[in-house]
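To start, the structure itself, in structure tokens.
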Amino acid sequence: MATRQPDLVLINWSRNPLIPGSARRITASRVIGNAEPCVRSLRTNGLLSTALACLQDHDIGFKIVYRKKTSSISGYLLLQRN
């Protein structure tokens, strides 16, 4: 029997540089495997906080395994579910 591979979600985000403290918004996302039932929350220009709330729900089980700020207003996250 083959070992089940983990599900991965990569999210790029950015803030509006003209509004200090603005919400982080998704600029791009990529799912490798399955991210149900959170796929709709990963839409471009959606709120990162909404997507993370869904993905990190205890029943869904994604965990952030890597995060990087690429500038003061942008970055990316990698989440994994085993």
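In this note's numbering, the protein residues as written are 2 to 83.
Beta carbons: idealized from backbone N, C-alpha and C, even for Gly.
Computed from a predicted model, the values in this text were never measured in an experiment.
Which word fits isoleucine 20, buried or exposed, when buried means at least 16 other C-beta atoms lie within 10 angstroms of its C-beta? exposed
Roughly how far, in whole angstroms, is the beta-carbon of isoleucine 27 from the beta-carbon of threonine 45, given that I think they are within contact range, below 8 Å? 6 Å
At 3 residues or longer, what runs of the beta strand (DSSP E) sit wholly inside the region 29–66? none
Let me know the secondary structure DSSP gives glutamine 81 once reduced to three states. Three-state result, glutamine 81: strand.
In angstroms, rounded to a whole number, what distance separates the CA positions of cysteine 55 and valine 10? 12 Å
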